[in-house]
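Step one of this worksheet: look at the structure below.
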Amino acid sequence: MTAKKPGRKWNELHPTTAPEVRRLALFLRARVEESGKTLAELAPEVGNAASVISTYLNGKVPTQRFVTALIAATVTGPLQEKRQSQAAELRQAALYPQGRPARADGGSGAAGSTVDIAAVQAQHLETYASLTRALEQQNELRLAAANSEKLVWVLYGMVGKLQERVTRLTRQRDRLDEGAEEAERKLTRALGQQERAESELDRARTEQRNAEELAARLQEKIDRLSSELDRLRAAAGSAEQLPDVVIRPVGGPQESNDPEGDDFDAALGRAEAVNDNDSATVARITTELADADDVDVVPNIPVTSPNATNNRALLAARNTEANQIGAAGDPETARDLLADVIAGETHGLGTKHSDILPFRHNHAQWTAKALDARAARDLMADLVADCIRVQGPDHPNTLRNRHHHAHWTGQAGDAEAARDLLADVMADRIRVLGPDHPETLTSRHNHAHWTGEAGDARAARELMADIAAEASRVLGPDHPDTFTSRHQHAYWTGQAGDAEAARDLLADITAEASRVLGPDHPETLTSRHNHAHWTGKAGDAEAARDLLADITADRTRVLGPDHPDTLTSRHQHARWTGQAGDAEAARDLMADITADRTRVLGPDHPDTLTNQHDHASWTGWAGDAEAARDLMADITADRTRVLGPDHPDTVTSRYQAAYWAGRSRDAVAAVDLLADDAGDRARVQGRAPGLDPGFWTPERLGS
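Basically our numbering = 1-based index in the sequence shown + 60.
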């Protein structure tokens, strides 16, 4: 008999969820559990994306079509009819918690039926809310159309003025000997501005048309809802129970400034903002209508139809939704939502279409943040190849995706490849963007970082010193990126063997960050944290412990107890507590932090795995070698599963498992583990292990 799958980890329903809605959600969850299917597997059967299914199972009352489809997909055999009936009753109870819906009654009566007043009132409220929202949406769309119409005329004028400027600068360039280079620079800028203005003009025309068409479609919905509201009022005999629908017009847009003068970039920025706002309005309302049951009013427009622009707006809205979900702390859902979007475009625009490439970039990024760096690396590699073909090798997006591909290559465990890839990206960004462009500086910074991670800390230190100087010159000494580069220079100074210099550099950075940003700014707190770390590395473990106790208290106060930076400071405080001589306290502190990181970040997060590793180590140093051996065996298995067998962290844990097996006098296991580890460590890290397997032979251990 096959073992039953472990139960799915559902989100807790919100405490304010009505009891009837809670019962429905739990009933539907139980059916999904019984089926053994994932939400991704159910999506094509139910006809909704996995994210939509998740929303319905987390407390949103679903449509009847969804309930019927879900039961059909999860229940088979004679039970299906019973479950359909139960689900329908639970949904009705969720919709009408204070009464029953209107029903036909077989009893006596002149009309042959009775009307449940409570149900009619509930329908009345629901219809009233829908009508109110539809009128608000129509009002927003009309304002968006008016904004776009005004913008069209402004941009017509701007294009004309830019054409005059281009003509004038062309004459100046051709006429001048001295100063021709400056005129050429201005001409290049003006041509770029003219291209931007024409592009924004096309966008404004499109957004005006989209808003007008969507507002017209909404009118059909408004007419239908108005008729339905009148019918319900008559049925309930309660025409005075609800106020008439009154819409307060939303505030109109600010008037655009006169685009006269040389400040075309500022004027174009305002034009882009208006277009972005109108596009977001259309996209949001399109999404709201697409989520409604009334698919006949605003149909899902195929990409191949003449009105495909609305579908692109819906795609943009889903992209925004995914990014917001990820930023709110749920990268897995963001990843899955974007995967659904990309899969849906396989037969639409196509996954290699320029409009879909940004979705693929975000999908790779959220895949990485969902703790799958290797998958992110491979997704980025495919994306880079398509960007080169579609957009060209020197396009900013191509260069940006190459940069991210290099980064995730390093995060997946191949620091040498990341270093080499970033060297190429850096050279191309210098050629295309110039040496002082912020993105060029970013690639130089990351190249230096991965140079250090690949084993050359001295080279990383020298590279970071140059980058810090360049960042200070280009961005200013007080710019956050300059502080970051100075931080990294201090870090690699320490890694190169000069802990005292690293400590002193960070003391200076901390003082300046406190002056520029304030003592509670996250950058200042980071500087203090790193200063404490290198204070310990410089030989003063007690001072490091005490500094980190203060930093932990401040980060808890400023950022909260569950913030990743707070947890990092707690981790380092535990470490330096042990280094200061109190292994038992370090062990206990590490146990608490491991529990909190598991709760906040999840059991497979790299930081959680690091905590588990350190907890095992301090358990051993506190005198319990057998427990350390067993804990390290578990963490080795987890790191192998999550990071892969060749990741440097996995190799480290495997080696420590051998070490603590030896310390627990399990000589045979120690020798076997170390023999297995030796080849892997030499292959992955380029060096043999530091301890001789003979250390744990029975003769050496006296057994």
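The beta carbon of each residue, even a glycine, is placed where N, CA and C say it ideally should be.
So, at 7 Å on beta carbons, what are the nonlocal neighbours of residue 441 in its own chain, with the 5 sequence-adjacent residues on each side left out?
The sequence position of residue 441 within the sequence shown is 381, counting from 1. Cβ within range, chain order: 465.
Need the endpoints of the alpha helix (DSSP H) that residue 437 sits in, please.
By 1-based counting over the sequence shown, the position of residue 437 is 377. Taken as a continuous stretch (DSSP letters only), the alpha helix (DSSP H) holding residue 437 covers 433-451.
The region 555-570 touching the region 579-590, judged by at least three CB pairs closer than 8 Å:
yes
Which value, in whole angstroms, describes the spacing of the CA atoms of residue 477 and residue 640?
As a working mapping, residue 477 is identified with position 417 in the sequence shown. As a working mapping, residue 640 is identified with position 580 in the sequence shown. Approximately 38 Å, taken between the alpha carbons.
Just the Cα atoms here: how many angstroms apart are residue 557 and residue 120?
Residue mapping note: residue 557 aligns to position 497 of the sequence shown, counting from 1. Residue mapping note: residue 120 aligns to position 60 of the sequence shown, counting from 1. Looking at the two C-alpha atoms, the distance is approximately 57 Å.
Around the Cβ of residue 71, are there at least 16 other Cβ atoms within 10 angstroms (buried) or fewer (exposed)?
Along the sequence shown, one-based indexing puts residue 71 at 11. It is exposed - the Cβ of residue 71 has fewer than 16 other Cβ atoms within 10 Å.
According to DSSP, is residue 684 helix, strand or coil?
Within the sequence shown, the letter at position 624 stands for residue 684. Residue 684 falls in the coil class under three-state DSSP.
Mapping the DSSP letters down to three states, classify residue 514 as helix, strand or coil.
Translated into the one-based positions of the sequence shown, residue 514 becomes position 454. Three-state result, residue 514: coil.
For residue 431 versus residue 665, is the C-beta distance shorter than 9 Å?
Translated into the one-based positions of the sequence shown, residue 431 becomes position 371. Translated into the one-based positions of the sequence shown, residue 665 becomes position 605. Going by C-beta atoms, residue 431 is nearer than 9 Å to residue 665.
Cβ-based neighbour list, residue 618, same chain, cut-off 6 Å, excluding 5 preceding and 5 following
Numbered from 1 along the sequence shown, position 558 holds the residue referred to as residue 618. For residue 618, where only same-chain residues beyond five positions count, the Cβ hits under 6 Å are 580.
How close, in whole Å, do the beta carbons of residue 219 and residue 257 come, if the pair is a contact with beta carbons under 8 Å?
Walking along the sequence shown from the start, residue 219 turns up at place 159. Walking along the sequence shown from the start, residue 257 turns up at place 197. Residue 219 to residue 257, Cβ: 5 Å. Contact.
Spatial distance of residue 116 from residue 386 (CA atoms):
Counted from its first residue, the sequence shown places residue 116 at position 56. Counted from its first residue, the sequence shown places residue 386 at position 326. Those two C-alpha atoms are separated by around 19 Å.
Could you give the distance in angstroms between the alpha-carbon of residue 473 and the alpha-carbon of residue 81?
Position 413 of the sequence shown, counting from 1, holds the residue named residue 473. Position 21 of the sequence shown, counting from 1, holds the residue named residue 81. Residue 473 and residue 81: Cα-Cα distance of roughly 46 Å.
Can you give me the start and stop residues for the alpha helix (DSSP H) that residue 113 sits inside?
Taking the first residue of the sequence shown as 1, we reach residue 113 at position 53. 110-117 is the extent of the alpha helix (DSSP H) around residue 113.
Start and end of the alpha helix (DSSP H) containing residue 551?
In the sequence shown, the residue the question calls residue 551 occupies position 491. Residues 540-555.
Below 9 Å between beta carbons: does that hold for residue 462 and residue 484?
The sequence position of residue 462 within the sequence shown is 402, counting from 1. The sequence position of residue 484 within the sequence shown is 424, counting from 1. The answer is yes: Cβ separation under 9 Å.
In whole angstroms, give me the CA-to-CA distance for residue 454 and residue 414.
Sequence index remark: in the sequence shown, residue 454 carries index 394 (1-based). Sequence index remark: in the sequence shown, residue 414 carries index 354 (1-based). Approximately 15 Å between the Cα atoms of the pair.
If we count the other Cβ atoms within 10 Å of its Cβ and call it buried at 16 or more, is residue 629 buried or exposed?
Here residue 629 corresponds to residue number 569 of the sequence shown, with the count starting at 1. So residue 629 ends up on the buried side.
Rounded C-alpha distance that separates residue 123 from residue 549
For the purposes of this step, residue 123 is taken as the residue at position 63 of the sequence shown. For the purposes of this step, residue 549 is taken as the residue at position 489 of the sequence shown. Going by the C-alpha atoms only, they are around 57 Å apart.
Which of the three DSSP states, helix, strand or coil, is assigned to residue 131?
As a working note, residue 131 is residue 71 in the sequence shown. If DSSP states are grouped into helix, strand and coil, residue 131 belongs with the helices.
Would you kindly work out how many angstroms separate the C-alpha atoms of residue 533 and residue 498, rounded to a whole number?
Taking the sequence shown and counting its residues from 1, the one referred to as residue 533 is at position 473. Taking the sequence shown and counting its residues from 1, the one referred to as residue 498 is at position 438. Answer to the nearest angstrom: the Cα atoms are 12 Å apart.
Comparing C-alpha positions only, which one of 437, 538 and 637 sits nearest to residue 471?
Position 411 of the sequence shown, counted from the start, is the residue given in the question as residue 471. Looking only at 437, 538 and 637, the smallest Cα-Cα distance to residue 471 is reached by 437.
With a 10 Å radius around its C-beta and 16 neighbouring C-beta atoms as the bar for buried, classify residue 208 as buried or exposed.
Working through the sequence shown from its first residue, we reach residue 208 at position 148. Buried.
Would the region 123-143 and the region 93-111 be scored as touching if the rule is three or more Cβ pairs under 8 Å?
yes
What number of angstroms, rounded off, separates the C-alpha of residue 669 from the C-alpha of residue 456?
The residue given as residue 669 occupies position 609 in the sequence shown. The residue given as residue 456 occupies position 396 in the sequence shown. Taking the Cα positions, residue 669 is about 36 Å away from residue 456.
In angstroms with no decimal places, state the Cα-to-Cα distance between residue 615 and residue 644.
What you label residue 615 is simply residue 555 of the sequence shown in a count that begins at 1. What you label residue 644 is simply residue 584 of the sequence shown in a count that begins at 1. Looking at the two C-alpha atoms, the distance is approximately 25 Å.
Along the chain, which unbroken stretches of the alpha helix (DSSP H) at least 4 residues long are found entirely within the region 648-700?
Segments of the alpha helix (DSSP H) lying fully in the region 648-700: 666-681.
Residue span of the alpha helix (DSSP H) that contains residue 713, given as start and end:
If you number the sequence shown from 1, residue 713 lands on position 653. Taken as a continuous stretch (DSSP letters only), the alpha helix (DSSP H) holding residue 713 covers 708-723.
For residue 75, count neighbouring Cβ atoms within 10 angstroms of its own Cβ and tell me buried if that reaches 16, exposed if not.
The residue labelled residue 75 in the question sits at position 15 within the sequence shown. So residue 75 counts as exposed.
Start-to-end residues for the alpha helix (DSSP H) that takes in residue 426:
For the purposes of this step, residue 426 is taken as the residue at position 366 of the sequence shown. 417-429 is the span of the alpha helix (DSSP H), which, as asked, contains residue 426.
DSSP state of residue 558, grouped into three classes?
Against the sequence shown, residue 558 aligns to sequence position 498. DSSP places residue 558 in coil when its eight states are reduced to three.
Using CA coordinates, which residue listed in 703, 632, 434 and 514 is at the minimum distance from residue 663?
By 1-based counting over the sequence shown, the position of residue 663 is 603. Among 703, 632, 434 and 514, the Cα nearest to that of residue 663 belongs to 703.
9 Å Cβ cutoff, residue 257 in contact with chain B:
The question asks about chain B, but that chain is absent: this structure has only one protein chain.
For residue 151, collect the residues of the same chain with a Cβ closer than 8 Å to its Cβ; drop the 5 residues on either side in sequence, then sort them by chain order.
As a first step, residue 151 is located in the sequence shown; it is residue number 91 there, counting from the start. So the list reads 84, 121, 122, 124 and 127, once near-sequence residues are dropped.
Measuring straight from C-alpha to C-alpha, what distance separates residue 599 and residue 719?
Here residue 599 is taken as the residue at index 539 of the sequence shown, counted from 1. Here residue 719 is taken as the residue at index 659 of the sequence shown, counted from 1. One C-alpha to the other measures close to 25 Å.
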